[in-house]
Amino acid sequence: MSTDFYQTAILPYAPIIIKICRAYTDTQEDFEDYYQEVCLQIWRSKDNFQEQSKWSTWVYRISLNVCLTLLKKRKRKQEYTDFKAASHKAVVGNRAFENEEINQLYDAIKRLSEVDRAVILLFLEERSYQEIADILGTNPNNIGVRVKRIKERLKKILDGKTH
Amino acid sequence: MEKPIETIWKEAFSERDLKEVPRLGNFYDQESQQLVDKVKRKFKNNLVATVVMAIVILIVHMFIEAAWQGAIAAALLLGLAWYSTRQMRRVHTVNPGLGSYQYLRLFDQTLREALAKNMIVIRFFYPLIFLTSMSTIWYAGNNEAILTGKLTETFPDLLFVGGLPLIGLIAVGGITVLIAYFSGRIYKWDVGLIYGRTFKKLRETIADMEQLNE
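Protein chains in written order, with the working numbering: chain X, 153 to 315; chain E, 6 to 219.
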């Protein structure tokens, strides 16, 4: 990968990649693996990018696809272990960000299903419903309802934690 | 939590959180190791399958009263497994301490050399296995007498050499030569069936790494 490509096409979007990868990983090691894989996939698929959408949309789409695929692979590997117990332990012990509120929010997001995580991340990144639907390849009509439901669920989780 | 999640999201990320990006490098360390492990694992499974097959063939041949042919086929399979293992030992000597690109390149090269050497042995293996199978069909149990009787009954003018029909000998001889001639291609097809996807992935990864390093 040329340094130029990394500097101009990936690095400015690193915050997006970081936010997404953090939502799908529990450890720093996994996070770094996912981050690298996302960068690699962005570089690999750069020729497929058609300028019908924004580059940032492309980055979101690849980041989510890579994270979901890696997560699926990892789950398959862990199917004989007590996955739930292991992941819960890791989530509680993981403090990736300086601010405690955002760490708690991430803990709550990680309790959602993989797709709900993607929806809420994109919503929080102020993507339109149409854009969220485009990125996830779904119908934009039910995104709003889904966001509302996810927000309620997150609120319940967060309130449960604080009280 | 009092604040709406949108506010937390907007306000809470610090500069450090999002600017401290993981260092890129050693992209392929894990992938290289996984690929190499996969080839080794497949080879091991294939080896076990060959040994099991040799034993099963021997037992089956004993049941159909062709113990000699069974013993020869089993010996051929075990000999091939032994030779392949010897070749693969060289692959195991590739030092994983090298950079992932060097490691994969060397692994691929050693693998190609090992397969090329196997191909020399295969030139003899396939024809010999074919001849053994033909021998089993002819000599197993009471087959020789039954087949000779049926053939002479159907084709009274059939010429026999050493108790075997000449036309059959010619056909088997011809097929044996063809198998020997095409053994390389048969072997490549055989290897492709078992390792094809992994080898493809290995070569794609190497090509990817070369492009990355450009």
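Glycine included, C-beta positions come from ideal geometry on N, C-alpha and C.
Is it right to say residue i is buried, meaning 16 or more other beta carbons lie within 10 angstroms of its own, or is it exposed?
| i | result |
| --- | --- |
| G75(E) | buried |
| S280(X) | exposed |
| L310(X) | buried |
| L82(E) | buried |
| S197(X) | exposed |
| Q180(X) | exposed |
| E283(X) | buried |
| W73(E) | exposed |
| K15(E) | exposed |
| I194(X) | buried |
| F275(X) | buried |
| T177(X) | buried |
| K308(X) | exposed |
| P161(E) | exposed |
| V65(E) | exposed |
If you draw a straight line from the alpha carbon of residue i to that of residue j, how long is it in whole angstroms?
| i | j | result |
| --- | --- | --- |
| R269(X) | E277(X) | 12 angstroms |
| A285(X) | I295(X) | 7 angstroms |
| L216(X) | L222(X) | 10 angstroms |
| R301(X) | L273(X) | 14 angstroms |
| A17(E) | F48(E) | 52 angstroms |
| R128(E) | L183(E) | 11 angstroms |
| A219(X) | M67(E) | Going by the sequence as given, residue 219(X) is Cys instead of Ala. Approximately 55 angstroms between the Cα atoms of the pair. |
| W207(X) | N291(X) | 21 angstroms |
| D185(X) | V271(X) | 22 angstroms |
| T141(E) | G173(E) | 14 angstroms |
| I172(X) | L306(X) | 17 angstroms |
| A145(E) | I69(E) | 6 angstroms |
| A248(X) | R226(X) | 20 angstroms |
| E203(X) | S89(E) | 52 angstroms |
| E158(E) | T181(E) | 27 angstroms |
| G201(E) | L207(E) | 10 angstroms |
| G197(E) | D42(E) | 18 angstroms |
| V297(X) | Q256(X) | 24 angstroms |
| G84(E) | V177(E) | 24 angstroms |
| Y187(X) | E36(E) | 15 angstroms |
| S239(X) | S105(E) | Note that S239(X) scores a pLDDT of 48, beneath 50, so its modelled location is shaky; the value from the coordinates is reported in the next line. Approximately 30 angstroms between the Cα atoms of the pair. |
| F183(X) | N50(E) | 33 angstroms |
| V61(E) | A80(E) | 12 angstroms |
Run down chain X in chain order and give the residues with a C-beta less than 8 angstroms from the C-beta of residue i.
| i | result |
| --- | --- |
| P27(E) | F183, E184, Y187, Q188 |
| A17(E) | F249, N251, E253, I254, L257 |
| R21(E) | E250 |
So for residue i, helix, strand or coil by DSSP?
| i | result |
| --- | --- |
| V57(E) | helix |
| E26(E) | Looking at the sequence shown, residue 26(E) is not Glu but Val. If DSSP states are grouped into helix, strand and coil, V26(E) belongs with coil. |
| A145(E) | coil |
| A161(X) | helix |
| K303(X) | helix |
| V41(E) | helix |
| F112(E) | helix |
| N100(E) | coil |
| G289(X) | coil |
| N251(X) | coil |
| S197(X) | coil |
| K206(E) | helix |
| L310(X) | helix |
| D213(E) | helix |
| I168(X) | helix |
| L274(X) | helix |
| T221(X) | helix |
| K49(E) | helix |
| P9(E) | coil |
| F129(E) | helix |
| K241(X) | With a pLDDT of 44 at K241(X), under the threshold of 50, the predicted position of this residue should be treated as unreliable, and no value is reported. |
| N294(X) | helix |
| Q92(E) | helix |
| S208(X) | helix |
| L63(E) | helix |
| D178(X) | coil |
| F235(X) | Here F235(X) scores only 47 on pLDDT, less than 50, and its place in the model should not be relied on; the value that follows carries that caveat. Helix at F235(X). |
Which partner residues does residue i have in the DSSP bridge list?
| i | result |
| --- | --- |
| L152(E) | Per DSSP, none; premise fails for L152(E). |
| F165(E) | P170(E) |
Quick one: which chain X residues come within Cβ less than 9 angstroms of residue i?
| i | result |
| --- | --- |
| I77(E) | The premise fails here: I77(E) is roughly 43 angstroms from chain X at the closest Cβ pair, so nothing lies under 9 angstroms. |
Strictly below 7 angstroms CB to CB, what residues from chain X border residue i?
| i | result |
| --- | --- |
| E209(E) | Residues of chain X passing the Cβ test: none, with the nearest at roughly 11 angstroms. |
Check the Cβ of residue i against every Cβ in chain E and list those closer than 8 angstroms, keeping chain order.
| i | result |
| --- | --- |
| K303(X) | I10 |
| L264(X) | The contacting residues do not exist; L264(X) stays about 12 angstroms from chain E at best. |
| A270(X) | Per Cβ cutoff of 8 angstroms: no residues; A270(X) is ~15 angstroms from chain E at best. |
If the cut is a Cβ gap below 7 angstroms, which residues of chain E does residue i touch?
| i | result |
| --- | --- |
| L220(X) | Result: empty, since nearest Cβ-Cβ is about 18 angstroms, beyond 7 angstroms. |
| L306(X) | I10 |
| A161(X) | None at all; the shortest Cβ gap to chain E is about 13 angstroms. |
Just to check, is the beta-carbon of residue i closer than 7 angstroms to a non-hydrogen atom of the ligand ATP?
| i | result |
| --- | --- |
| S105(E) | With respect to the ligand ATP, the structure shown offers nothing to examine, as it has no ligands at all. |
Mind pulling the chain E residues with CB within less than 9 angstroms of residue i?
| i | result |
| --- | --- |
| L274(X) | None at all; the shortest Cβ gap to chain E is about 11 angstroms. |
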